[in-house]
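Single-structure report; data block below.
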Amino acid sequence: MSLRKFISNKTIAALAVIVTVFANTSAFAQEAAAGAAATAAKPIDMLPIYKSVAFYTLLFLLVCLFIAIIGKALRVYELTREAQDKPEGINWNTINAVLFILFLIVGLGGVYFEYTVHGSMILPDAASEHGKKIDQMFNITLILTTIVFIGTHIVLFVFSYIYKHSGKRKAYYYPHNNALERIWTIVPALVLTVLVLMGFLTWRSIFYKIEDPNNKPISIEVTSQQFSWTIRYPGADGVVGLKNYKLITGTNGLGMDFNDKNNLDDQMAEEMVIPVNKPVRLILTSKDVLHSFYMPHFRVQLNTVPGMTSYFEFTPTITTADMQAKVNDPAFKFLFLCSKICGSGHYNMQKVVRVVSQAEYDAWIAEQPLIINNDLRKEFNLPLVADPAAGATPAAPADSTATAGKDSSAVAMNKPALKK
Amino acid sequence: MSTITLHDTHNNDHHDGHDHGHHKETFITKYIFSQDHKMIAKQFLITGIVMAVIAMGLSILFRLQLAWPDKSFPILETFLGKWAEGGRIKPDFYLALVTIHGTIMVFFVLTAGLSGTFSNLLIPLQLGVRDMASPFMNMLSYWLFFVACVIMMASFFIETGPASAGWTVYPPLSAIPKAISGSAMGMTLWLISMVLFVASQLMGGINYISTVLNMRTKGMDLWKMPLTIWAFFLTAILGVLSFPVLVAGVVLLIFDRSFGTSFYLSDIVMGTQVLPNEGGSPILWQHLFWFLGHPEVYIVIMPALGISSEVISVNSRKPIFGYHAMVYSLIGITVLSFIVWGHHMFVTGMNPLLGGVFMITTLIIAVPSAVKTFNYLATLWRGNIRFTPAMLCAIGMVSFFISGGLTGIFLGNASLDINLHDTYFVVAHFHLVMGSAAIFGMLAGVYHWFPKMFGRMMNAKLGYLHFWLTFICAYLVFFPLHFLGLDGVPRRYYAFTEFEFMQKWVTVNVFVTWAAIVAALAQVAFLFNFFYSIFKGKKATQNPWESNTLEWTTPVEHIHGNWPGEIPTVHRWPYDYSKPGAEEDFIPQTVPYSQTMHSNMPHDFEGNAESERIQREWDAANGIVREQH
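Protein sequences, first through last, are from chains A and B.
Quick note, the first sequence lines up with residues 157 to 576 if you use the numbering used here.
Quick note, the second sequence lines up with residues 51 to 679 if you use the numbering used here.
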């Protein structure tokens with residue numbers, strides 16, 4: 157009975173294979189003939205075909221068919237073995253075990269590739285004081301975890317291979333070993349304690365700064381909104397003035413309260429320029445939804461939260477020019493960007509950060525326009541400053557050398573204010 | 051305890067007989083409004099699989115956008131209409147895809163699909179119970195889940211589109227319809243769906259807990275429960291304690307959105323329109339959300355760990371190494387997971403003092419995770435491993451758990467998190483440790499218990515193909531993403547075209563997308579195998595994997611009440627594989643020690659003097675010398 161079944165199976169399978177092969181060859185022959193005819197007529201533009209969904213669907217179906225044929229062939233082979241009372245022809249257990257070893261070897265190669273090739277495409281060394289500590293911690297953690305990662309994977313896959321099933325032996329009954337378990341509880345605990353302590357101290361050193369009276373930080377306020385940033389410098393008094401979201405209008409984009417004297421000398425900037433080796437205190441606020449102020453090169457990130465002000469203090473240690481030389485890219489720029497989902501324009505909220513020498517900074521900051529202008533003065537019932545016509549003629553160039561030119565600065569300031 | 055169990059058993063027997071005598075099952079009571087835990091498990095599984103396929107499809111859509119941001123795919127317009135005008139996905143819709151992909155995968159697939167399926171199937175079967183404590187509530191649990199799924203999917207068919215503030219739906223973005231179109235009707239549907247979902251989880255969880263605590267069969271004390279049950283039990287406790295907090299948060303968000311309260315909103319100006327809300331804090335939402343959100347991660351991974359423990363032990367033909375340590379580490383994870391939520395908030399502006407505290411608790415949780423990993427490795431050592439598809443997936447699960455877990459040490463460190471927060475490093479981390487590991491745990495469970503669920507076997511060779519393609523592609527997809535994160539590329543970016551420094555990653559994105567497509571297509575092998583085998587698979591034997599646990603003592607044909615006669619009594623722990631002296635390499639839990647005098651060990655008797663005396667006398671009579679305590 158089983159023999160007959162086997163014969164019929166085998167015959168049918170053989171027939172099927174022959175028919176398939178024949179059908180395929182003839183089909184291909186036809187196709188080739190048709191193809192030849194077509195090429196003779198005019199070359200076919202294959203590009204739209206490669207772009208069509210049907211092409212890929214057919215391709216996938218072809219792959220499925222191929223797999224199905226292999227599956228059938230395997231089945232026939234196995235039935236044959238079974239019918240001849242031979243042991244199973246293919247030891248899938250061994251195949252899977254070998255695949256694990258192959259996966260381990262190829263995988264280790266892949267990890268090496270990733271670490272070296274993609275690993276060399278990551279951020280350059282930190283450009284800030286605390287960033288160096290973070291990088292150091294990162295490297296220590298990376299070394300430790302890589303050792304564990306590689307080690308455990310070697311053990312996992314090598315054990316899988318060595319201890320693959322064999323009818324000859326029995327598994328070793330080994331339900332527990334308290335000493336061993338204690339070791340691998342205590343060792344990770346100790347390693348993690350070290351990491352926790354380091355992380356904790358680094359974290360404290362970042363967020364609990366003791367102010368050096370000789371090197372006071374520059375305060376810079378950054379306000380986020382969908383989908384842009386506003387940078388405000390404190391002006392000569394070094395204090396960023398009060399603001400209130402209820403005062404926000406088309407002309408007063410930040411809602412600054414100009415009854416607060418500290419606001420009168422505040423300056424607006426299109427990019428963030430900071431002097432090297434001088435602490436910067438960021439004052440982060442948001443007008444609408446959550447954003448995140450992220451300055452990857454400086455290892456600075458903090459969310460901007462509507463209704464709450466957050467602060468981050470850091471010290472840049474390398475100028476843009478030096479960094480350009482270091483990474484060998486004259487177009488290199490420091491940036492800050494948004495990293496908290498904030499709406500459809502989330503993927504493009506960026507500003508340039510320029511780290512310069514103190515002298516360059518002093519020259520640059522003197523050129524930055526004041527925020528206050530005559531429109532705002534009117535709004536807050538403050539005495540106007542001369543030359544109201546200037547407001548109507550923004551073509552008049554803002555005289556950068558004019559130090560007393562509060563009004564000319566105000567003229568220049570109209571542009572960003574009106575844009576809002 | 052045992053008297054109560056006996057009493058229960060008796061009651062159930064009675065009830066069961068009663069059921070069969072007077073009541074014929076119709077199609078509706080059998081397949082739709084079924085109160086049988088096995089059918090409900092299958093309902094959860096199939097719904098979970100459907101949702102997983104949908105969520106995977108969504109991920110392929112946004113992967114296309116990331117790989118070819120400036121190419122047009124006319125087919126997308128055919129299917130998505132105005133969301134992909136000109137064959138290009140719009141930024142709003144991109145965010146909606148990301149949001150719904152995350153929501154479905156985390157809640158609908160890996161929480162309901164995983165716990166719902168295997169807790170329902172295995173808690174009664176492995177504990178020797180005829181059905182859940184409250185079968186009606188169990189049915190309700192599934193149907194609320196189903197309605198939640200339908201509502202979530204319905205949001206694709208409304209004009210403003212589905213919720214698109216990320217799966218964490220942080221307000222104010224999620225609270226203000228003006229901020230993003232998905233925060234209109236779509237967000238309302240998201241919130242309603244989530245309330246129903248949580249209700250479903252609570253009903254399920256209460257059922258699991260009460261069944262485990264009250265209804266175990268005779269002899270099944272807590273320390274004889276398989277690790278799967280421990281995992282499901284602790285998962286249910288986590289869910290019951292943390293999901294209500296999410297509902298609280300969700301209700302407040304509904305109030306803010308629809309009734310003008312200001313729990314999460316303050317000082318907000320949209321354009322130049324000043325909103326009237328005052329006094330709220332967006333941070334409050336984050337605390338409430340992550341108070342669930344972090345335990346949620348363990349709700350996802352613990353069942354996968356439990357399933358892997360069982361599958362690895364059975365297929366290594368070895369007891370799981372350090373059973374007690376495995377249980378204690380699960381308990382440790384359960385307790386610790388409640389006090390680590392702040393590590394999602396290191397850079398939200400939360401007081402830095404809290405950041406330090408949460409960093410300590412977070413890194414402590416790595417210890418029980420490490421113990422589990424090492425115990426898995428020790429279980430493989432000197433085993434006799436059968437590579438069934440389930441075993442392959444369980445090994446894959448361990449691999450992902452290691453790879454993804456280790457990057458958690460970076461992110462749990464507050465200082466390092468400053469630069470890694472919300473970058474692709476995070477994406478890579480949780481897709482490995484929570485996504486891939488949990489999915490592989492789930493797949494291991496499906497392959498392993500498919501014979502129990504459907505009475506047929508899945509095709510092993512298709513299983514191998516499916517495993518290897520998925521395993522390799524998952525690494526190809528997620529491993530390179532770490533490096534994008536280390537380069538400071540934030541997540542949820544619609545395109546990398548606007549930043550010069552990101553452009554070098556576009557080729558990597560193309561590679562990742564291709565790997566994702568292959569991984570997605572590989573699932574066809576699984577889906578075909580799964581649905582084909584339900585109807586045409588090889589008939590299963592009663593105990594196809596030669597396993598010790600009770601579910602394999604039930605007949606292949608499903609019956610209401612699980613066991614035709616009396617419920618079996620349990621005499622030993624579930625991991626007596628390859629015990630020296632035993633004839634076979636497994637001894638089911640129902641076999642009493644009196645039948646295995648050759649293989650009994652001194653510690654089996656747990657200090658019971660009478661049993662030890664009997665064994666000693668037998669040993670002496672048969673001339674066997676055993677080491678004593």
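Even glycine gets a Cβ: it sits at the ideal position worked out from N, Cα and C.
These figures come from a predicted structure and were not determined experimentally.
If you look at B:Phe313, you'll find it isn't in any beta strand (DSSP E); DSSP assigns it neither H nor E. Between B:Ser366 and the set B:Glu633, B:Ala105, B:Glu596, B:Thr619, the nearest pair of CA atoms involves B:Glu596.
Contact between A:Phe492 and A:Val509 holds: CB atoms are separated by about 6 Å, below the 8 Å threshold. For B:Asn434, a Cβ of chain A is located within less than 7 Å of the residue's own Cβ. Of all residues in the stretch 478–498 of chain A, those with a C-beta nearer than 9 Å to a C-beta of chain B are Ala487, Phe488, Lys489, Leu491, Leu493, Cys494, Ser495, Lys496, Ile497, Cys498, reading in chain order. Contact between the stretch 95–111 of chain B and the stretch 148–161 of chain B is present: 3 or more CB-CB pairs across the two stretches fall below 8 Å. At a cut-off of 7 Å between C-beta atoms, A:Val311 counts as an interface residue with respect to chain B. Secondary structure in the stretch 447–496 of chain A: the alpha helix (DSSP H) runs of 4 residues or longer, each lying completely within the stretch, are 476–482 in chain order. For the stretch 325–343 of chain A, residues whose beta-carbon sits nearer than 8 Å to a beta-carbon of chain B comprise Arg325, Lys326, Ala327, Tyr328, Tyr329, Tyr330, Pro331, His332, Asn333, Leu336, Glu337, Trp340, Thr341. When DSSP states are grouped into helix, strand and coil, B:Trp623 belongs to the coil group. Annotated three-state conformation of B:Lys589 is strand, per DSSP. Just measuring C-alpha positions, the residue of B:Pro418, B:Pro174, B:Val295, B:Phe83 sitting nearest B:Lys502 is B:Pro174. Assignment of beta-bridge partners to A:Thr386 by DSSP yields A:Thr379.
Neighbours of A:Asn504 in chain B, taken as residues at a C-beta separation under 7 Å, are given in chain order as Glu548.
Under DSSP, A:Ser284 forms a beta bridge with A:Pro472. Between A:Thr460 and A:Leu440, the C-beta spacing is below 7 Å.
Per DSSP, the beta-bridge partners of A:Thr441 are A:Thr379.
Legend: CB atoms of the stretch 448–460 of chain B lying less than 8 Å from CB atoms of chain A belong to residues Val448, Ser449, Ile452, Ser453, Leu456, Thr457, Ile459, Phe460. Closest in alpha carbon position to A:Ile251, among A:Pro373, A:Ile318, A:Gln292, is A:Ile318. Look at B:Thr438 here: in three-state DSSP terms it is coil, with no helix or strand label.
If you check each beta-carbon in the stretch 260–277 of chain A against every beta-carbon of chain B, the ones closer than 8 Å belong to Gly263, Gly266, Val267, Glu270, His274, Gly275, Met277. Interface annotation, B:Phe408: not in contact with chain A, CB-CB separation never under 7 Å. Taking a Cβ-Cβ cut-off of 7 Å, the neighbours of B:Gly372 in chain A comprise His332, Glu337, given in sequence order. When DSSP states are grouped into helix, strand and coil, B:Pro402 belongs to the helix group. Apart from the 5 residues on each side of it in sequence, B:Phe94 sits with its Cβ closer than 8 Å to the Cβ of Ala162, Gly163, Gly166, Thr167, Asn170, Tyr192, Phe195 in its chain, given in chain order. In this structure, DSSP gives B:Pro185 a helical state, which the three-state scheme calls helix. Under the 7 Å criterion on CB atoms, A:Arg455 is classed as interfacial with respect to chain B. Within the stretch 100–183 of chain B, the complete alpha helix (DSSP H) segments of 4 residues or longer fall at 124–130, 141–153, 167–177, listed in chain order. Inclusion of A:Met293 and A:Met202 in the CB contact set at 7 Å is not warranted, their separation being larger than that value. The beta carbon of A:Ile374 sits closer than 6 Å to the beta carbons of Val436 from its chain, once the five residues preceding and following it are set aside; these are given in chain order.
The C-beta of A:Leu446 comes closer than 7 Å to at least one C-beta of chain B.
Sequence-ordered contacts of the stretch 516–544 of chain B with chain A read Phe517, Trp518, Phe521, Ile522, Tyr525, Leu526, Phe529, Pro530, His532, Phe533, Leu534, Gly535, Leu536, Asp537, Gly538, Val539, Pro540, Arg541, Arg542, Tyr543, Tyr544 [C-beta pairs closer than 9 Å].
Taking a cut-off of 8 Å on C-beta distances, the stretch 470–478 of chain B does not touch the stretch 135–146 of chain B, as fewer than three cross pairs fall below it. The stretch 354–364 of chain A and the stretch 427–434 of chain B do not touch, with fewer than 3 CB-CB distances between them shorter than 8 Å. Scanning chain B for C-beta atoms nearer than 9 Å to the C-beta of A:Leu258 yields nothing, as the closest lies near 10 Å away. Interface with chain B (7 Å Cβ-Cβ cutoff): A:Asn295 is excluded.
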